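A.B. asks: According to the numbering used here, the sequence shown is numbered sequentially starting from 166. We treat Cβ as the ideally placed atom computed from N, Cα and C, and that holds for glycine. Source: prediction; values computed, not measured. Shown below is the structure under consideration.
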Amino acid sequence: MTRLIVFAFFLLSFSVKAQISRNNQSFNNDETALAIQYYRDGDYEKAAVLLEKILVNPNNQGYFDVYFNTLIKLNRYEVAEKLVKKILKQNPGDDAYPIALGKLYQEKGDVGAANKIFNEIIAKLPKDEFKIRNLANNFYRFENYDLAVQTFKQGRKLLGDDQLFAPELLNIYRFKKDKPMLMQEYLDILKSIPQLLPQAESTLAMIFEDKNDYQVFQTAILRKIQKEPDAEVYIKLLTWNYIQQQEFDMALRQLIAFDKRTKADGATLFNAVYTFVDNGAYETAIKAYEYLLTKGKESQYYLPAKIEMLSTKYNLQTSGKYTAAELAALAKDYQVLLEENGKNRNTLFAIKKLANLQAYYLNQPGNAEKSLEEALQLPGMNSTEIGQLKLDLGDVYILTNQPWEAFLVYEQVSKQFEGQPIGNEARFRSAKLSFYQGNFEYSNSQCQVLKAATSQLIANDALNLSLLISDNIQTPIDSNALKMYADAEMLLFRNLPVQAVKKLDSIAIAYPQNGLADAILMSKAKIFIKSGDFIKATEMLKKVADGFKDGIWTDDALFTLGDLYEKKLNDMEQAKHYFQKLVTDYPGSMFSAEARKRFRNLRGDGV
C-alpha cells in the first residue's frame with residue numbers, strides 16, 4: 166500500500182538525513198545536527214542562525230523545510246518569502262515551492278493570494294498518476310490537507326478511475342478524524358477491494374466515539390446494501406457494526422437474510438459465528454448453528470455446525486451460569502453424537518468434552534476415568550494425542566483420589582516428551598500436584614527445571630509458583646498459610662469455586678501476617694473471570710496492580726486487565742492504558758511483546 170501520509174517532521178528529518186549523505190558533508194555535521202536539535206527543542210532563534218548558513222549552499226535544499234518552518238515560527242515572513250522565491254527560481258518545475266509560498270501567504274493572513282496560487286497549481290494538474298500523487302504529497306507536506314484531498318479527487322476525474330488514491334485518501338481522513346468522509350470512502354471501495362475490510366473495522370473502531378457514530382454508519386451501510394444486496398463485504402461490515410453495538414441478534418438476522426436471499430450454502434454465516442463466540446454471545450451463536458442445521462445432513466456445514474454448536478453450548482454452560490439439568494442435557498447431546506458417529510479419532514473431541522463434563526460438573530469422575538482409559542485404546546491416534554489424553558486422565562485420577570496414579574502418568578508423559586511443550590506441561594502438572602499435597606520442596610525443584618522451558622507460558626507459570634513457594638516457606642506460620650492457599654487451589658482445580666473463595670478468605674483470619682495477599686487476589690480474579698463477573702475481576706486485578714508493584718503477579722494482572730477491557734468490557738481507552746503501563750513499567754515481562762502489539766493495534770498503528 167502506498168504510504169503518503171507521514172508526519173511533517175518525520176518527513177523533514179528524512180530529507181535532512183538523506184541530504185547529509187548526498188552532499189559530501191558540505192557543512193559541518195555536528196552543526197547541522199545541532200540545528201535540527203534546536204528546532205526540535207523549539208529554540209528557533211538558534212536554529213535559524215545555523216540553518217541560514219546551511220541554505221547558502223544550493224546543494225543543501227534538503228534543509229529548506231526546516232528553515233522555512235523556523236522562519237514561520239519566528240514570524241519572519243519577509244525573510245521566508247525571499248527564501249522561497251529564490252529557491253523557486255532555481256527549481257521552477259518543483260510544485261513544493263509555490264505551495265510553500267501559498268502557505269506563507271496563509272500564515273500572513275493573505276488568503277486570497279494563497280488560494281490563487283493553489284488553484285492555479287491544481288488547474289494545471291496533468292493526467293499523470295505520479296505527478297498527481299506528488300502534488301498531493303506536497304500539499305500535505307505543508308499541512309494543506311483539504312487541498313491534498315482536492316488534488317486526489319481531481320486526479321480521479323482526470324484519470325477516470327474512482328478507485329485511485331483510495332489508500333492515500335483513507336490515511337488523510339483518518340489523520341483528520343473526518344468520520345463522514347472516512348465512512349464514505351470505505352463504503353465506496355470495499356466492494357472492489359474487500360481485503361480492506363479488517364483495516365476498515367480497526368480504523369473506524371478507533372475514531373468512532375459513541376453509539377451514535379455506529380448508528381450513522383449503520384444507516385449508510387444499509388443504503389449501500391439496498392443498492393447492492395448481493396455484495397457479501399457489506400453484510401460482513403454491517404455484522405461487525407452490529408457486534409460493536411452488542412446487537413448480536415440483529416447481526417444474525419442480517420446474515421440469515423443474506424444467506425436466504427442469495428441462496429448460499431451457509432459459508433458466510435458459518436464463518437461469522439466465530440465472532441459471536443469470541444464476544445461471548447453464545448446464545449446467538451447457537452441460534453446460528455441451529456439455522457445451519459436446517460439445511461439438512463447433505464450440507465457440508467451440517468456436521469461442523471453440530472459440532473460447533475455443542476462446543477458453544479459447552480462454553481455457555483460451563484461459564485458459571487448453568488444448571489445441573491442443562492449440563493446433563495449437554496452431556497446427552499455428546500453421547501448422541503458419539504452413538505451416531507462412533508468412538509474414533511474423529512470424535513475424540515467429543516469423548517474429551519464429555520469426560521470433562523462428567524469429571525468437573527456432573528460429579529461423575531469415575532465415568533470420565535473409564536471414558537478416557539477406553540479412548541487410549543482407539544486406533545490411529547498419534548503420540549501427541551495419546552500424551553494429551555494421558556494428561557487429562559492424570560487430572561481425573563486426582564479427582565478419583567488416586568494421586569499416585571496421576572503422578573505416574575505425568576512422569577511418563579514428561580519423560581516421553583522431554584523438552585517438548587507437552588512434556589513441560591506434564592512436569593508442571595506434576596509440580597502442581599505436589600503443591601496441592603503440601604510437598605513444597607519437590608514442587609519447587611520441578612519449577613526450577615521448568616523456568617528454562619522453551620514455552621514462555623509454562624516458564625512464567627513455573628517461575629511464579631517457584632517464587633510463591635520460596636517466599637512463603639520461611640517460617641512455620643508462612644508454610645501453614647501456604648498450605649491453606651494450596652488447599653484453595655485444589656478446590657479450584659476440582660471446580661468448586663464457592664468453597665475455594667471461602668478457603669481463600671479464611672487465610673487472613675487464621676494468619677493475619679501472611680504474605681499471600683496478591684496471590685489470593687489473583688485467584689479470586691480468575692474465579693470471577695470464569696463466572697463472567699468481569700467487573701469484580703477488574704477490582705481484584707487493580708488491587709494487585711496498584712498495591713503490589715514489585716509483586717509476582719503484577720505484570721499478569723496488568724495484562725489481564727488490558728485483555729478484559731478490550732475483549733469483555735469494550736473500553737479501549739482503559740485497555741490501552743493497562744497495556745501501555747505493562748510495556749513501560751515491566752519491559753522484561755513475558756507479556757510485554759504481546760501487550761505492545763495489542764496497544765499499537767488499539768492505537769491504530771499500521772492501519
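1) Can you have a look at Tyr262 and say buried or exposed, based on whether 16 or more other CB atoms are within 10 angstroms of its CB?
2) Near Leu554, which residues of its chain fall below 7 Å by C-beta distance, leaving aside the five closest residues on each side in sequence?
3) Mind the definition here: the segment 433-451 touches the segment 405-424 only if three or more C-beta pairs lie below 8 Å; say whether that holds.
4) Give me the residue from Ala653, Tyr562, Thr640 and Pro641 with the minimum Cα distance to Tyr601.
5) Are the beta-carbon atoms belonging to Ile264 and Arg306 less than 9 Å from one another?
6) Please return the same chain residues whose Cβ sits closer than 8 Å to the Cβ of Ala493, not counting the five positions on each side in sequence.
7) Which of the three DSSP states is assigned to Ser464 in this structure?
8) Within the same chain, show all residues whose beta-carbon is closer than 8 Å to that of Phe192, passing over the 5 residues directly before and after it, in chain order.
9) Report the start-end ranges of each alpha helix (DSSP H) in the segment 540-592 that is 4 residues or longer and not cut off at the edges.
10) For Thr197, does the three-state DSSP call read helix, strand or coil?
11) Is it right to say Pro530 is buried, meaning 16 or more other beta carbons lie within 10 angstroms of its own, or is it exposed?
12) Only counting the same chain, and skipping five residues up and downstream in sequence, which positions put a Cβ closer than 8 Å to that of Asn766?
13) Inspect the CB distances between the segment 701-714 and the segment 723-730 and report whether three or more fall short of 8 Å.
14) For Ile623, count neighbouring C-beta atoms within 10 Å of its own C-beta (all shown protein chains included) and say buried if the count is 16 or more, exposed if not.
15) Kindly indicate which three-state DSSP category Tyr351 falls into: helix, strand or coil?
16) Under 9 Å, do Thr433 and Leu417 count as touching if we go by C-beta distance?
17) Based on Cα-Cα distance, which residue from Asn480, Ala313, Asp498 and Arg510 lies nearest to Ala446?
18) For Pro263, does the three-state DSSP call read helix, strand or coil?
19) Is Lys296 helix, strand or coil by DSSP?
20) If you count every other CB in all the chains shown that lies within 10 Å of the CB of Thr477, and 16 or more means buried, which is it?
21) Classify Arg763 as buried or exposed, calling it buried when 16 or more other Cβ atoms lie within 10 Å of its own Cβ.
22) With a cut-off of 8 Å on the beta carbons, I'd call Val244 and Ile201 a contact; round off their distance for me.
23) Just mark Ile700 as buried or exposed, buried being the case when its beta carbon has 16 or more other beta carbons within 10 Å.
24) Report back the beta-carbon spacing between Ser620 and Pro641 to the nearest angstrom; my notes put them in contact at under 8 Å.
25) Measuring only the C-alpha atoms, how far is Ala673 from Asn679?
26) What is the DSSP secondary structure of Ala396, reduced to helix, strand or coil?
27) For the alpha helix (DSSP H) containing Leu220, name the first residue and the last one.
28) With distances taken from CA atoms, which of Phe605, Met649 and Pro363 is nearest Leu630?
29) Nearest CA to the CA of Ser608: which residue from Lys580, Tyr203, Gln581 and Phe572?
30) For Phe435 versus Leu457, is the C-beta distance shorter than 9 Å?
31) Just tell me which of Leu329, Tyr487 and Ala618 has its CA closest to the CA of Met755.
32) Taking all protein chains shown into account, do 16 or more other C-beta atoms lie within 10 angstroms of the C-beta of Gln190, making it buried, or fewer, making it exposed?
33) Which runs of the alpha helix (DSSP H) at least 4 residues long sit entirely within the segment 329-394? Give them in chain order.
34) What's the C-alpha gap between Gln745 and Gly716?
35) State yes or no: is the C-beta of Thr235 within less than 9 Å of the C-beta of Tyr270?
36) Where do the N-terminal and C-terminal ends of the alpha helix (DSSP H) with Glu704 fall, by residue?
C.D. replies: In this structure, then:
1) buried
2) Leu537, Ala540 and Leu541
3) yes
4) Ala653
5) yes
6) Leu527
7) coil
8) Low confidence applies to Phe192: its pLDDT is 45, below 50, so where it sits in the model is not reliable, and the reading given next is rough at best. Counting only Cβ-Cβ distances below 8 Å, and skipping sequence neighbours, we find Lys218, Ile219, Asn222 and Asn225.
9) 548-564 and 568-581
10) helix
11) buried
12) Ser367
13) yes
14) buried
15) helix
16) no
17) Asn480
18) helix
19) helix
20) buried
21) buried
22) That pair is no contact at about 19 Å.
23) exposed
24) That pair is no contact at about 35 Å.
25) 7 Å
26) coil
27) First-last for Leu220: undefined, no H or E at that position.
28) Phe605
29) Phe572
30) yes
31) Ala618
32) Only weak support is given to the placement of Gln190: the predicted model assigns it a pLDDT of 44, under 50, and the value that follows is read from those uncertain coordinates. By the neighbour-count rule (16 or more Cβ atoms within 10 Å), Gln190 is not buried but exposed.
33) 331-341, 344-354, 362-372 and 376-392
34) 18 Å
35) no
36) Phe699 to Gly712
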